[in-house]
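Q:
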Ligand SMILES: [Cu+2]
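Numbering (full-length UniProt numbering), first residue to last: 1 to 93.
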């Protein structure tokens, strides 16, 4: 019997950009992204993921967890509050 992973978790460092800036998640497995802003560089004090109605402030040095709905396969962009720095979430089977 194949091993079943029942959660997935990715940490994204925010330091003037997003590292990594593309995150691949397995469809159907509950997912959490943690945005950890470690630098004051740039204007990344808020992250938005419009497809999931996420608009979260990122206090410096205070990691923020965001739950991602992986029910449906697809691609979703995220960005800073001013839509200047970008990243992408890929939900794939
Ligand atoms: Cu910005």
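From the three backbone atoms N, C-alpha and C, an ideal C-beta is built for every residue, glycine too. Since the model is a prediction, treat every value here as computed from it, not as a measurement.
Measuring straight from C-alpha to C-alpha, what distance separates residue 10 and residue 61?
A: Along the chain shown, one-based indexing puts residue 10 at 10. Along the chain shown, one-based indexing puts residue 61 at 61. Distance between the alpha carbons of residue 10 and residue 61 is about 17 angstroms.
Q: Could you tell me which residues DSSP pairs with residue 92 in its beta bridges?
A: For the purposes of this step, residue 92 is identified with residue 92 of the chain shown, where counting begins at 1. Its beta-bridge partners are 26.
Q: Is DSSP giving residue 57 helix, strand or coil here?
A: For this step, residue 57 is matched to residue 57 along the chain shown. DSSP places residue 57 in strand when its eight states are reduced to three.
Q: For residue 90, which residues of its own chain have a beta-carbon under 6 angstroms away from its beta-carbon, when the five flanking residues on both sides are left out?
A: For the purposes of this step, residue 90 is taken as the residue at position 90 of the chain shown. Within the same chain, residue 90 has close Cβ partners 24, 75.
Q: Strictly by DSSP, which residues pair up with residue 79?
A: In the chain shown, counting from the first residue as 1, residue 79 sits at position 79. 48, 86.
Q: Is residue 17 near ligand 1, going by C-beta to nearest heavy atom under 8 angstroms?
A: Along the chain shown, read from residue 1 onward, the residue named residue 17 stands at position 17. Residue 17 Cβ: outside cutoff for every heavy atom of ligand 1.
Q: Identify every residue that forms a DSSP beta bridge with residue 36.
A: Locating residue 36 in the chain shown gives position 36, counting from the first residue. According to DSSP, residue 36 bridges with 13.
Q: Under DSSP, the beta strand (DSSP E) around residue 67 begins and ends at which residues?
A: Residue 67 sits at position 67 when you count from the first residue of the chain shown. Residues 64-68.
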